[in-house]
Amino acid sequence: MSSVIIDGKAIAKKKRIEIKRKVEQLKIQGIIPGLAVILVGEDSASKTYVRNKQKACMETGIQSFLFEYEASVTETVLIEKIKELNDKEDVHGILVQLPLPKHINPKNIIQAISPDKDVDGFHPINIGKMVSGEDGFVPCTPLGIIHLLNEINYTIRGKHAVVVGRSNIVGKPMAQLLLNMDATVTICHSKTNQLENYTKNADLLICAVGKAKFLGKNHVKDGAVVIDVGMNRDETGKLCGDVDFNHVKDVASYITPVPGGVGPMTITMLLENVIKAAKNINKI
Ligand code: GUN
Numbered sequence: 497m498s499s500v501i502i503d504g505k506a507i508a509k510k511k512r513i514e515i516k517r518k519v520e521q522l523k524i525q526g527i528i529p530g531l532a533v534i535l536v537g538e539d540s541a542s543k544t545y546v547r548n549k550q551k552a553c554m555e556t557g558i559q560s561f562l563f564e565y566e567a568s569v570t571e572t573v574l575i576e577k578i579k580e581l582n583d584k585e586d587v588h589g590i591l592v593q594l595p596l597p598k599h600i601n602p603k604n605i606i607q608a609i610s611p612d613k614d615v616d617g618f619h620p621i622n623i624g625k626m627v628s629g630e631d632g633f634v635p636c637t638p639l640g641i642i643h644l645l646n647e648i649n650y651t652i653r654g655k656h657a658v659v660v661g662r663s664n665i666v667g668k669p670m671a672q673l674l675l676n677m678d679a680t681v682t683i684c685h686s687k688t689n690q691l692e693n694y695t696k697n698a699d700l701l702i703c704a705v706g707k708a709k710f711l712g713k714n715h716v717k718d719g720a721v722v723i724d725v726g727m728n729r730d731e732t733g734k735l736c737g738d739v740d741f742n743h744v745k746d747v748a749s750y751i752t753p754v755p756g757g758v759g760p761m762t763i764t765m766l767l768e769n770v771i772k773a774a775k776n777i778n779k780i
């Protein structure tokens, strides 16, 4: 079998056109959706992510505000800034780019963000809402993956989904969302013994472990849908996912490439969450 490659870039582009239209509608009502981004330190990957987030905001008409701090900044200074942003009317979403320097406890920072402006969906209130099936903010990468699955008309209900990875940003919320949508969910991770015993049974296999080519052909059932969240470098320095794409594509029915699969969806869903925040705050 040769798989269909899920074109995340094209799907994201389509979604961003829709988002741009929603922003225009809000502007007619006198609301300019606004995102505040806090960036701490000199991490080059974080700088790139933040730059891409700001560019995406600009392209869709969302206002973005960047606050940069040196790595030596204190937790108190950051929390004070977040409190100020919580009260600002033109800021609907607040995002603190992770990871933060070691001396700062990210939990304290995330908990300072108003749950109503927590467009990353990392605040314990939003995590609780997701677990109990209430409407709140959902982390952008899992939300983007659900959008990709909807775009290929994949029926989640009743399927066996195996999520490899248990991070707070991707693995755990991904598993919870799939469970909320009536999938039977297995969570595996880098320490799972005999991983292939689980992954081989997956109708839907989602890999987010952060290890280059971690899943090979032997891990995948014929006809499975494979979603690769990884963003790694291979031996030659080339960007690659957690899945050995060239081999797995021969057994999967659908597969996401890296780059151009899940990646473009993450920022797109962030924009969608900013619009949702702007609407909620203005009771639209
Ligand atoms: N660092 C890596 N991914 C993310 C994300 O989705 N949000 C934030 N705030 N930081 C990140």
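Counting from 1 along the sequence shown, just add 496 to a position and that's the residue number in this note's numbering. We treat Cβ as the ideally placed atom computed from N, Cα and C, and that holds for glycine.
Can you list, in chain order, the residues of its chain whose CB lies under 6 Å from that of residue 686, leaving out five sequence neighbours each side?
-> Along the sequence shown, read from residue 1 onward, the residue named residue 686 stands at position 190. Taken in chain order, the residues that qualify are 705.
Give the straight-line distance between the Cα atoms of residue 515 and residue 723, rounded to the nearest whole angstrom.
-> Here the question's residue 515 lines up with position 19 in the sequence shown. Here the question's residue 723 lines up with position 227 in the sequence shown. Going by the C-alpha atoms only, they are around 24 Å apart.
So the beta strand (DSSP E) residue 695 belongs to, where does it begin and stop?
-> Counted from its first residue, the sequence shown places residue 695 at position 199. Looking at the DSSP string, residue 695 is not in any beta strand (DSSP E); the run it does join, the alpha helix (DSSP H), is 691-695.
DSSP three-state assignment for residue 680, whether helix, strand or coil | Within the sequence shown, residue 680 is the residue found at index 184, counting from 1. Reduced to three states, the DSSP call for residue 680 is strand.
From the DSSP output, in three-state form, read off residue 499 for me.
-> For the purposes of this step, residue 499 is identified with residue 3 of the sequence shown, where counting begins at 1. Looking at residue 499 - three-state DSSP - the assignment turns out to be coil, as it is neither helix nor strand.
For the stretch 521-598, list the alpha helix (DSSP H) runs that are entirely contained and at least 4 residues long, ordered along the chain.
-> 540-556, 571-582
Using only the heavy atoms of ligand 1, determine whether one of them is closer than 6 Å to the beta carbon of residue 596.
-> Here residue 596 is taken as the residue at index 100 of the sequence shown, counted from 1. No, Cβ of residue 596 sits at least 6 Å from all heavy atoms of ligand 1.
Looking at residue 616 and ligand 1, is the gap between the Cβ and the nearest heavy atom below 6 Å?
-> Locating residue 616 in the sequence shown gives position 120, counting from the first residue. Within the cutoff, so yes.
At a cut-off of 6 Å, is residue 593 close to ligand 1 when judged by its beta-carbon and the heavy atoms of the ligand?
-> Here residue 593 is taken as the residue at index 97 of the sequence shown, counted from 1. Checking every heavy atom of ligand 1 against the Cβ of residue 593, one is found closer than 6 Å.
Residue environment, residue 679, which counts as buried when at least 16 other CB atoms sit within 10 Å = Counting from 1 along the sequence shown, the entry for residue 679 is found at position 183. Classification for residue 679: buried.
Does DSSP put residue 751 in a helix, in a strand, or in coil?
-> For the purposes of this step, residue 751 is identified with residue 255 of the sequence shown, where counting begins at 1. Strand.
Could you please give me the residues that DSSP links to residue 729 through a beta bridge?
-> Numbered from 1 along the sequence shown, position 233 holds the residue referred to as residue 729. Answer is 735.
Can the beta-carbon of residue 716 be found closer than 7 Å to that of residue 744?
-> To locate residue 716, count along the sequence shown from 1; it is residue 220. To locate residue 744, count along the sequence shown from 1; it is residue 248. The answer is yes: Cβ separation under 7 Å.
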